[in-house]
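Q:
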Amino acid sequence: MMSQMEGGCPVDYNTITDLFLQVLEINLITFPNVADAILANGIFSHYDRPCIAQFCEKAGLYVRALQHYYEFPDIKRVIVNTHAIEPQALVEFFGTLSWEWALECMKDLLLVNLRANLQIIVQVTKEYCEQLGVDACIKLFEQFKSYEGLYFFIGSYLSSSLDPDIHFKYIEAAARMGQIKELLDDECPEDFIKGLILSVHSLLPVEPLVEECEKRNRLRLLTQFLEHLVSEGSQDVHVHNALGKIIIDSNNNPEHFLTTNPYYESRVVGKYCEKRDPTLAVVAYRRGQCDDELINVTNKNSLFKLLARQLIDQVVSTALPECKSPEQVSAAVKAFMTADLPHELIELLEKIVLQNSAFSGNFNLQNLLILTAIKADPSRVMDYINRLDNFDGPAVGEIAVEAQLYEEAYAIFKKFNLNVQAVNVLLDDIRSIDLAVEFAFRVEEDAVWSQVAKAQLREGLASEAIESFIRADDATQFLEVISAAEDANVFHDLVKYVQMVREKAKEPKVDNVANLPNVGDRLQFQGAVDTARKANSSKTWKEVYFACVDAEEFRLAQIRGLNIIIQVDDLEEVSEYYQNRGCFNELISLMESGLGLERAHMGIFTELGVLYARYRHEKLMEHIKLFSTRLNIPKLIRACDEQHH
1 MMSQMEGGCP VDYNTITDLF LQVLEINLIT FPNVADAILA NGIFSHYDRP CIAQFCEKAG
61 LYVRALQHYY EFPDIKRVIV NTHAIEPQAL VEFFGTLSWE WALECMKDLL LVNLRANLQI
121 IVQVTKEYCE QLGVDACIKL FEQFKSYEGL YFFIGSYLSS SLDPDIHFKY IEAAARMGQI
181 KELLDDECPE DFIKGLILSV HSLLPVEPLV EECEKRNRLR LLTQFLEHLV SEGSQDVHVH
241 NALGKIIIDS NNNPEHFLTT NPYYESRVVG KYCEKRDPTL AVVAYRRGQC DDELINVTNK
301 NSLFKLLARQ LIDQVVSTAL PECKSPEQVS AAVKAFMTAD LPHELIELLE KIVLQNSAFS
361 GNFNLQNLLI LTAIKADPSR VMDYINRLDN FDGPAVGEIA VEAQLYEEAY AIFKKFNLNV
421 QAVNVLLDDI RSIDLAVEFA FRVEEDAVWS QVAKAQLREG LASEAIESFI RADDATQFLE
481 VISAAEDANV FHDLVKYVQM VREKAKEPKV DNVANLPNVG DRLQFQGAVD TARKANSSKT
541 WKEVYFACVD AEEFRLAQIR GLNIIIQVDD LEEVSEYYQN RGCFNELISL MESGLGLERA
601 HMGIFTELGV LYARYRHEKL MEHIKLFSTR LNIPKLIRAC DEQHH
């Protein structure tokens, strides 16, 4: 057939068409590559194109199929096989389509596989944007929310456009893709960039955005954006790294951020700090336990104190608490003491002694911890006293007193049952007799009460001191007690003390049995009466009685006065004593009470009548009628004449 067609033999049109068709069909079925070459050379021109298009489609020659189909549905069906079509050939084919068909085909390609076909569509829009229309291409990408396609398409067209909407769409697409560098490089206003970033913040990848801004020293642009992400709870390390860098550059309390933020990457932020502020780099490296980096930056910048601080922290926090060797512990403690690092020594000893290490109960270490705290950090001493048990209580307590840590010293003495030393601290240093008395009641020790009594005596609290001496069963201070009691006029309490002392010793000053009348003269109230009873002397009775009247203790005076008025010789003296002091009502009450006594005599009845005549004349007549036989009438008449009755 080929020889016949090439020989130039006269053949009618239909025969040629059939021959072309048969050749192409056979090759498409058996040798598709040969058929593709024949079609590429354009040897045949007269054949059934739709039929050959079908054979090409079946043979996988999709470009040839597209070139031979005339119907749009056929083209749409074949064109989606982009995996088997050369992109450039496909782009060229789009140039043969009308703009309506081209847009529809592009929609199908994006619909079938947007990611795989996007670059082809971008190339088509770039190549034929004038025929397709810029707005139509933009709408196509927006319809599929393909900001990447929009970005690349407008980017090729932007230089020739003055349309502000086109420029805005390009910026928007760039921002949504994280292509912020274009805005930065074109010196776009910062407020615009900030607003744009905030408007699409949730769509932006943080890492490349931060990277581009950092390259151009424009990280501060992202401050509000990053703070917004943090407020939403973002734990993205890139967010916190960038925010940390901004805080460091602005010197906005960077140490607080570096020590409290748990999300940033220590190596990254520390490296950023090295050329800006090496001390901040040390903070970041320490937080992330980046030991090698920390050593390098401190040596490089001669920050040896910070390195020493880190060494101390590591020794205190990690090395020694896990150590089992007494020699190593001793060496570390001596080193801290030699370097005069009391606060660091306290931290070290706390780790060793308070945290259940092998040396928790060590006597020397407990003593050293408390003594170091007394000198360097007194606020910790009380806690140590409460938590530790194996230390030298008496010695440490005395040192605490010397350091004027009186409450701590009191707690130590009390903990070790050194009650006398404890109460002495309350009395001599804290100067609280009330607390000392409370403590004495709690421990109930004679020696403690004795110390309390002496302090009360020094403060002039004679009555309280006497009670304390009695509780202490202490008679050694009787001379001071008697003197203080006389000065304070507390003879009632003195009697009880003297009675206790007499049981222990016979002293002239104490033994007052022979001198009870003098004592009675100074005693008051019930104690004086009791003493007079022991004396069993009429003179003593009267002295005590008159003392009660002087003290206006009329109840006691009346009770004991009845023992005096039954004596005829003493009645007039008693009456005058009351009247001279204006105690008329009390005297009348005494005489009225005496009427009922078994030993009541005429003098009592007559004296009461005289008193009625002088002070209560309304009762006089009734008294005369009732007791006329027991009255001394002449004496009563004289009294009535004196009062003009």
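Just so it is clear: in the sequence shown, position 162 is 162 by UniProt numbering, and no numbers are missing.
Don't be surprised by glycine CBs; every beta carbon is placed ideally from N, CA and C.
Only a predicted model underlies this, so the values are computations on that prediction, with no experimental measurement involved.
When you compare the CB positions of residue 605 and residue 627, do they come within less than 8 Å of one another, or not?
A: Counted from its first residue, the sequence shown places residue 605 at position 605. Counted from its first residue, the sequence shown places residue 627 at position 627. Yes, these two residues count as a Cβ contact at 8 Å.
Q: Measure the beta-carbon distance from residue 374 to residue 331 and round it to whole angstroms, keeping in mind my assumption that it falls under 8 Å.
A: Locating residue 374 in the sequence shown gives position 374, where the first residue counts as 1. Locating residue 331 in the sequence shown gives position 331, where the first residue counts as 1. Incorrect: roughly 24 Å between the Cβ atoms, too far for contact.
Q: Report the residue ranges of all alpha helix (DSSP H) runs contained in full by the segment 261-308; include only those spanning at least 4 residues, in chain order.
A: 266-274, 278-287, 291-300
Q: Where residue 638 and residue 612 are concerned, what is the direct C-alpha to C-alpha distance, given to the nearest angstrom?
A: Residue mapping note: residue 638 aligns to position 638 of the sequence shown, counting from 1. Residue mapping note: residue 612 aligns to position 612 of the sequence shown, counting from 1. Each residue's Cα considered, the two are about 13 Å apart.
Q: Using only CA atoms, which one of 111, 71, 115, 576 lies nearest to residue 101?
A: Against the sequence shown, residue 101 aligns to sequence position 101. Residue 71 is the option with its Cα nearest to residue 101.
Q: Please classify residue 254 as buried or exposed, where buried requires at least 16 other C-beta atoms within 10 Å of its C-beta.
A: For this step, residue 254 is matched to residue 254 along the sequence shown. When all chains shown are included, residue 254 counts as buried.
Q: In three-state DSSP terms, what is residue 605?
A: Here residue 605 refers to the residue found at position 605 of the sequence shown. Helix at residue 605.
Q: Going straight from the alpha carbon of residue 569 to that of residue 614, what length do you get?
A: Position 569 of the sequence shown, counting from 1, holds the residue named residue 569. Position 614 of the sequence shown, counting from 1, holds the residue named residue 614. Rounded to whole angstroms, residue 569 to residue 614 spans 22 Å at the Cα level.
Q: Quick one: is residue 413 buried, meaning 16 or more other Cβ sit within 10 Å of its Cβ, or exposed?
A: Position 413 of the sequence shown holds residue 413. By the 10 Å Cβ count, residue 413 comes out buried.
Q: Can you tell me where the alpha helix (DSSP H) holding residue 378 begins and where it ends?
A: Taking the sequence shown and counting its residues from 1, the one referred to as residue 378 is at position 378. Looking at the DSSP string, residue 378 is not in any alpha helix (DSSP H), and its letter there is neither H nor E.
Q: Exposed or buried, residue 518, counting other C-beta atoms within 10 Å across all chains shown (16 or more means buried)?
A: Position 518 of the sequence shown, counting from 1, holds the residue named residue 518. Here residue 518 scores only 46 on pLDDT, less than 50, and its place in the model is too uncertain to base an answer on.
Q: Comparing alpha-carbon positions, which option in 458, 460, 452, 491 lies nearest residue 474?
A: Position 474 of the sequence shown, counting from 1, holds the residue named residue 474. The candidate whose alpha carbon is nearest that of residue 474 is 452.
Q: Looking at residue 345 and residue 337, is the spacing between their C-beta atoms short of 8 Å?
A: Mapped onto the sequence shown, residue 337 falls at position 337. Mapped onto the sequence shown, residue 345 falls at position 345. For residue 337 and residue 345, yes; Cβs fall inside 8 Å.
Q: Under 6 Å Cβ to Cβ from residue 582, same chain only, skipping five residues before and after it: list those, please.
A: As a working note, residue 582 is residue 582 in the sequence shown. Contacts found: none.
Q: Nearest by alpha-carbon distance to residue 173: which of 149, 162, 158 is it?
A: Position 173 of the sequence shown holds residue 173. The candidate whose alpha carbon is nearest that of residue 173 is 149.
Q: Grab me the residues of residue 333's own chain with a C-beta within less than 8 Å of its C-beta, minus the 5 sequence neighbours each way, in chain order.
A: Position 333 of the sequence shown, counting from 1, holds the residue named residue 333. Excluding positions up to five away in sequence, the list reads 345, 348, 349, 365, 368.
Q: Kindly indicate which three-state DSSP category residue 242 falls into: helix, strand or coil?
A: Reading the sequence shown from its first residue, position 242 is the one you call residue 242. Correct three-state label for residue 242: helix.
Q: From 280, 267, 275, pick the residue whose C-alpha is nearest to that of residue 292; which is it?
A: Position 292 of the sequence shown, counted from the start, is the residue given in the question as residue 292. Comparing Cα positions, the closest option is 267.
Q: For residue 397, count neighbouring C-beta atoms within 10 Å of its own C-beta (all shown protein chains included) and say buried if the count is 16 or more, exposed if not.
A: Taking the first residue of the sequence shown as position 1, residue 397 is located at position 397. Result: buried.
Q: Going by alpha carbons, who is nearest to residue 446 out of 426, 472, 573?
A: For the purposes of this step, residue 446 is taken as residue 446 along the sequence shown, with counting starting at 1. Ranking 426, 472, 573 by Cα distance to residue 446 puts 472 first.
Q: Here's the rule: buried if 16 or more other CB atoms are within 10 angstroms of the residue's CB, otherwise exposed. What is residue 245?
A: Residue numbering aside, residue 245 sits at position 245 when the sequence shown is read from its first letter. With 16 or more neighbouring CB atoms inside 10 Å of its own CB, residue 245 falls in the buried class.
Q: From this set, 395, 629, 435, which residue's C-alpha is nearest residue 418's C-alpha?
A: Within the sequence shown, the letter at position 418 stands for residue 418. Cα-wise, what sits closest to residue 418 is 395.
Q: I'd like the list of long-range same chain contacts for residue 586, defined as Cβ closer than 6 Å, with 5 residues on each side in sequence excluded.
A: Here residue 586 refers to the residue found at position 586 when the sequence shown is read from its first residue. Answer for residue 586: 554, listed in chain order.
Q: Identify which residue in 278, 352, 283 has its Cα closest to the Cα of residue 264.
A: As a working mapping, residue 264 is identified with position 264 in the sequence shown. Nearest C-alpha to residue 264: 283.
Q: Under three-state DSSP, which class holds residue 404?
A: Locating residue 404 in the sequence shown gives position 404, where the first residue counts as 1. The answer is coil: DSSP assigns residue 404 none of H, G, I, E or B.
Q: Taking the alpha carbon of residue 151 as the point to measure from, which residue in 495, 171, 61 has its own alpha carbon closest?
A: As a working mapping, residue 151 is identified with position 151 in the sequence shown. The option with the nearest alpha carbon to residue 151 is 171.
Q: What are the boundary residues of the alpha helix (DSSP H) that includes residue 421?
A: Within the sequence shown, the letter at position 421 stands for residue 421. Residue 421 -> alpha helix (DSSP H) spans 419-424.
Q: Within 10 Å of its beta-carbon, does residue 641 have 16 or more other beta-carbons around it, so buried, or fewer, so exposed?
A: Counting from 1 along the sequence shown, the entry for residue 641 is found at position 641. By the neighbour-count definition (other C-beta atoms within 10 Å, threshold 16), residue 641 is an exposed residue.
Q: Please go through the same chain and pick out, in chain order, the residues whose beta-carbon is closer than 7 Å to the beta-carbon of residue 376, but skip the five residues on each side of it.
A: As a first step, residue 376 must be located in the sequence shown, where it is residue number 376. Around residue 376: 342, 343, 346.
Q: DSSP three-state label for residue 634, please.
A: Along the sequence shown, read from residue 1 onward, the residue named residue 634 stands at position 634. Reduced to three states, the DSSP call for residue 634 is helix.
Q: Can you check the segment 567-598 for any alpha helix (DSSP H) of at least 4 residues that lies completely inside it and give the ranges in chain order?
A: DSSP runs (the alpha helix (DSSP H)) wholly in the segment 567-598: 568-580, 584-594.
Q: With distance defined between alpha-carbon atoms, name the residue in 289, 132, 61, 92 nearest to residue 78.
A: If you number the sequence shown from 1, residue 78 lands on position 78. Closest option to residue 78, Cα to Cα, is 61.
Q: Would you give the residue range spanned by the alpha helix (DSSP H) that residue 358 belongs to?
A: By one-based count along the sequence shown, residue 358 stands at place 358. Per DSSP, residue 358 lies in no alpha helix (DSSP H) and is assigned neither H nor E.
Q: Which whole-angstrom value is the C-beta distance of residue 481 and residue 465, which I expect to be below 8 Å?
A: As a position in the sequence shown, residue 481 is number 481, starting the count at 1. As a position in the sequence shown, residue 465 is number 465, starting the count at 1. With a Cβ gap of about 7 Å, residue 481 and residue 465 count as contacting.
Q: Using only the alpha-carbon positions, how far apart do residue 636 and residue 489 sit?
A: Position 636 of the sequence shown holds residue 636. Position 489 of the sequence shown holds residue 489. When rounded, the distance between both Cα atoms is 43 Å.
Q: If you draw a straight line from the alpha carbon of residue 542 to that of residue 603, how long is it in whole angstroms?
A: As a working note, residue 542 is residue 542 in the sequence shown. As a working note, residue 603 is residue 603 in the sequence shown. C-alpha separation (whole angstroms): 18 Å.
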